[in-house]
Amino acid sequence: MDPIITVLLIVGFTVFMFVWEKVPIDVTSLIVMALLLLTGSVSMKEGISGFSNEAVVTIMFLYLLSAGLEKTGAVNVIGRYMIRYAGRGQRRSLLVIMIVSGLLSGLLNNTAVVMIFIPIVFRIARFTKESPSRLLMPLSFASIAGGTLTLIGTSTNLLVSGISVDAGYGGFSMFEFTLVGAVLFGVFVVYMFFVGSKLIPRRRNSQASLSDSYDLKDYVTEIVITQGSELAGKRIRATPLQTDLDLEIIEIKDKKGITWLPAYYEDLEENDVLIVRGSIEDIMHLKDIPGVAFTKSFQLEDDDLRSNETTMIEVVVGPNSSVARSTFDEIDFREQFDAIPLAVRRKGELLAGRLGEIELRFGDDLLLEVRKESYQTLLRSGDFIFTQELERPPVDKKKITAAFAITGGVVLLAALDILPILQGALVGIICMFLFKLISIREAYRDVDWRIIFVLAALIPLGTALERSGAADLLAGMLNTHLAVYGPLLVLAVLFAATTLMTSIISNGATAVLLSPIAISLAEQMAVDPKPFLLAVMLAASTCYLTPLGYQTNIMIYGPGNYRFSDFFKVGGILTILTMIIVTIMLYMIFFNE
290 MDPIITVLLI VGFTVFMFVW EKVPIDVTSL IVMALLLLTG SVSMKEGISG FSNEAVVTIM
350 FLYLLSAGLE KTGAVNVIGR YMIRYAGRGQ RRSLLVIMIV SGLLSGLLNN TAVVMIFIPI
410 VFRIARFTKE SPSRLLMPLS FASIAGGTLT LIGTSTNLLV SGISVDAGYG GFSMFEFTLV
470 GAVLFGVFVV YMFFVGSKLI PRRRNSQASL SDSYDLKDYV TEIVITQGSE LAGKRIRATP
530 LQTDLDLEII EIKDKKGITW LPAYYEDLEE NDVLIVRGSI EDIMHLKDIP GVAFTKSFQL
590 EDDDLRSNET TMIEVVVGPN SSVARSTFDE IDFREQFDAI PLAVRRKGEL LAGRLGEIEL
650 RFGDDLLLEV RKESYQTLLR SGDFIFTQEL ERPPVDKKKI TAAFAITGGV VLLAALDILP
710 ILQGALVGII CMFLFKLISI REAYRDVDWR IIFVLAALIP LGTALERSGA ADLLAGMLNT
770 HLAVYGPLLV LAVLFAATTL MTSIISNGAT AVLLSPIAIS LAEQMAVDPK PFLLAVMLAA
830 STCYLTPLGY QTNIMIYGPG NYRFSDFFKV GGILTILTMI IVTIMLYMIF FNE
């Protein structure tokens, strides 16, 4: 088969698998790497080159630097000052949240910034009596816009810079595109303050209880008819489930494992497992009915129901969570975390059915019944993002000072071109280990290995696009139809194509796929490829259109109780503004001679 066709088929397969979402994106990326090697599209050395790629290694090191700041409590200290300056004014708090999170995201991993700031934003929402929905989306968007301020603002910036180096055009310096990023961030703040925030619906009441937020009047759980139960042999409508409680029996599974949708005239049998829906009050009264028990995974004991011992909390499955792609049953959730799952919300929708069999995913919103003394178990696991502030160990001011000094030193060395960012970050990490700001175990846990594997495994795909001639072919088609109109239109088309692609697959994958095409297009037009690469990079780094295009959007999707259309409505105008600014500024900087 023609090498170009082979590579384009692999590209098509990659996009399809990312959109399909049935296979984790890191696994999909490894499959793609295997296909490239097996088809001979890349050599063995090229196929594994992503794991030694300078950009990928740098991204990994920067995750560790961000983790050091997080573990010492340095970012939380900034958050507390943010609460103080936000006061009780809704507009002032919005402005403070955007500016602080945006500027921090220019220097730190924005995923870590948003993860730490989510509970702080909920606290500010309660103080100001503002809907958290009106603050969480600006938080995420600010972290995205802030990532355009520096080279280390997002992993995509480093990745595209690395691709430019590999192509022989040199990488970007720390502040090479800061002027463009500063204008983008300034326009974002003005737009969100005066227009965007008013377009965000109040999806969630900051004063409402978690029961109301999760609509627990429509709560689903699972019970079993025990051996010797007086309910066995009785018709459903004649049991206390119907006569005393207002419960809907959604599904029955008998001892043979056969499942069906029940009719009210059917008889119950011993060991029948029932999935029931009802109010939280009726669900709690089930424990008072003889012959009925909650299934093992979700058994509510008397001690669990005492308000002075337990409470309900809301958490989000984090990007590095060990529980992702597992069910509650598989990981024995209650035993591991001493917490009872009450509800799961995904992409704004409560999931029905048996909770124990739901496969958890990054971004899932969980409502848990937790013993108060078990808070720290959840916190130490590193698996969850919290929507309320938990009591944390006392901070060590010396460690916080050291963490700020080390991170500032890394940025300064890179900015002054004394050390490349990779070497500087490595020295910074070693210092953090030596000063015991972070342990080796914490370091391994806090690196987003999913992203590392995706980038490392997909970099050979970019090599295959270039080596096979596929990039030249696609660039030639664009050159034929667009070059006659000049670089301004080419920049706009590259930005638009990258934005649309980033909205449905990961931004890193988009950058890997489109950067070789941008370079080839520039070569065919006999112009500097850097503005074209910057168009791809900035578009991939600023995805506001959908919650799927950027990790921080997924993180606030559930807690904000957003709908998919909310992102399109607020982010659509912002995306158009961003495209206009990037296109015009890059044209003026590189082509307006």
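Going by the numbering used here, the first residue of the sequence shown is number 290, and it counts up by one from there. Just so you know, even glycine gets a beta-carbon here, dropped at the ideal spot from N, CA and C. Please read these numbers as outputs of a predicted model, since none were measured by experiment.
Count the CB pairs spanning the region 757-768 and the region 378-396 that are closer than 8 Å, and state whether there are at least three. No, the region 757-768 is not in contact with the region 378-396.
Specify, as a first and last residue, the run of the beta strand (DSSP E) that F815 falls within. Locating residue 815 in the sequence shown gives position 526, counting from the first residue. The question names Phe, yet the displayed sequence has Ala at residue 815. A815 -> no beta strand (DSSP E), and no H or E assigned at all.
State the DSSP-derived secondary structure class of R492, mapped to helix, strand or coil. Position 203 of the sequence shown, counted from the start, is the residue given in the question as residue 492. DSSP places R492 in coil when its eight states are reduced to three.
Quick one: is I707 buried, meaning 16 or more other Cβ sit within 10 Å of its Cβ, or exposed? Counted from its first residue, the sequence shown places residue 707 at position 418. Counting of Cβ neighbours within 10 angstroms places I707 among the exposed residues, the total staying below 16.
At the level of alpha carbons, what is the spacing between Q516 and S670? Looking up residue 516 in the sequence shown gives position 227. Looking up residue 670 in the sequence shown gives position 381. If you take the alpha carbons of Q516 and S670, they lie about 38 Å apart.
Relative to the C-alpha of V565, which residue among I314, T872 and L534 is closest? Position 276 of the sequence shown holds residue 565. Answer by Cα proximity: L534.
Going by the DSSP bridge assignment, what does K542 pair with across the sheet? Mapped onto the sequence shown, residue 542 falls at position 253. Residue pairing by DSSP puts K542 in a beta bridge opposite T548 and V562.
Tell whether a beta-carbon distance below 8 Å holds between P776 and V816. Here residue 776 refers to the residue found at position 487 of the sequence shown. Here residue 816 refers to the residue found at position 527 of the sequence shown. Yes, these two residues count as a Cβ contact at 8 Å.
Apply the 10 Å Cβ neighbour rule to Y846 and answer buried if 16 or more other Cβ atoms are within range, or exposed otherwise. The residue labelled residue 846 in the question sits at position 557 within the sequence shown. Buried, because 16 or more other Cβ atoms sit within 10 Å of the Cβ of Y846.
Which whole-angstrom value describes the C-beta separation of S795 and I314, a residue pair presumed to lie in contact below a C-beta threshold of 8 Å? Taking the sequence shown and counting its residues from 1, the one referred to as residue 795 is at position 506. Taking the sequence shown and counting its residues from 1, the one referred to as residue 314 is at position 25. By a beta-carbon distance limit of 8 Å, S795 contacts I314. Their separation comes to about 6 Å.
Using CA coordinates, which residue listed in I514, I629 and S432 is at the minimum distance from L575? The sequence position of residue 575 within the sequence shown is 286, counting from 1. Nearest to L575 by alpha-carbon distance, out of I514, I629 and S432, is I514.
My guess is that V633 and L655 are in contact by the Cβ rule of under 8 Å, so how many angstroms apart are they, rounded? On the sequence shown, residue 633 is found 344 positions in, with the first residue counted as 1. On the sequence shown, residue 655 is found 366 positions in, with the first residue counted as 1. The C-beta separation of V633 from L655 comes to about 6 Å, placing the pair in contact by the 8 Å criterion.
Of the choices I808, R852 and L783, whose alpha-carbon is the least far from that of A828? One-based indexing of the sequence shown puts residue 828 at position 539. Checked all of I808, R852 and L783; the closest Cα to A828 is L783.
How long is the line joining the alpha carbons of K636 and V581, rounded to whole angstroms? In the sequence shown, residue 636 corresponds to position 347, counting from 1. In the sequence shown, residue 581 corresponds to position 292, counting from 1. Approximately 33 Å between the Cα atoms of the pair.
Of the residues A745, E570, S462 and Y664, the one placed nearest F340, counting alpha carbons only: Sequence index remark: in the sequence shown, residue 340 carries index 51 (1-based). Comparing alpha carbon positions, the residue from A745, E570, S462 and Y664 closest to F340 is A745.
Spatial distance of R852 from T835 (CA atoms): Taking the first residue of the sequence shown as position 1, residue 852 is located at position 563. Taking the first residue of the sequence shown as position 1, residue 835 is located at position 546. Taking the straight line joining both Cα atoms gives about 10 Å.
Can you give the Cα-Cα distance for A363 and V346, rounded to whole angstroms? Here residue 363 corresponds to residue number 74 of the sequence shown, with the count starting at 1. Here residue 346 corresponds to residue number 57 of the sequence shown, with the count starting at 1. CA-CA distance, A363 to V346, rounds to 24 Å.
So within the region 610-693, which uninterrupted alpha helix (DSSP H) runs reach at least 4 residues, ignoring any that extend past its ends? Correct list: 617-620, 622-626 and 664-670.
Please classify R415: does DSSP put it in a helix, a strand, or coil? Working through the sequence shown from its first residue, we reach residue 415 at position 126. Helix.
Please report the straight-line C-alpha distance between L754 and R739, rounded to a whole angstrom. Start at 1 with the first residue of the sequence shown, and residue 754 comes out as number 465. Start at 1 with the first residue of the sequence shown, and residue 739 comes out as number 450. If you take the alpha carbons of L754 and R739, they lie about 23 Å apart.
If we call anything under 8 Å between Cβ atoms a contact, is A714 one with F464? By 1-based counting over the sequence shown, the position of residue 714 is 425. By 1-based counting over the sequence shown, the position of residue 464 is 175. For the pair A714 and F464, the CB atoms are not nearer than the 8 Å cut-off.
Under the three-state DSSP convention, the category I377 falls into: Your numbering for residue 377 matches position 88 in the sequence shown. It is Arg, not Ile, that sits at residue 377 in the sequence shown. Coil at R377, not helix or strand.
Between S422 and L440, how many whole angstroms is the CB-CB distance? I'm expecting something under 8 Å. Taking the sequence shown and counting its residues from 1, the one referred to as residue 422 is at position 133. Taking the sequence shown and counting its residues from 1, the one referred to as residue 440 is at position 151. L440 and S422 do not touch by the CB rule: their CB atoms are close to 33 Å apart, not below 8 Å.
So A786 is in the alpha helix (DSSP H); what residue range does that whole segment cover? On the sequence shown, residue 786 is found 497 positions in, with the first residue counted as 1. First-last of the alpha helix (DSSP H) with A786: P776 to T791.
When A811, S450 and T417 are compared against L771, the one with the closest alpha-carbon: Within the sequence shown, the letter at position 482 stands for residue 771. Of the residues A811, S450 and T417, the one whose Cα lies closest to the Cα of L771 is A811.
Could you say which of P408, E603 and P630 lies nearest to T616 if we only look at CA atoms? Here residue 616 refers to the residue found at position 327 of the sequence shown. The closest CA to that of T616, considering only P408, E603 and P630, is found on P630.
Let me check one thing: in DSSP terms, what residues is V605 bridge-paired to? The sequence position of residue 605 within the sequence shown is 316, counting from 1. The beta-bridge partner set that DSSP reports for V605 consists of D654 and I674.
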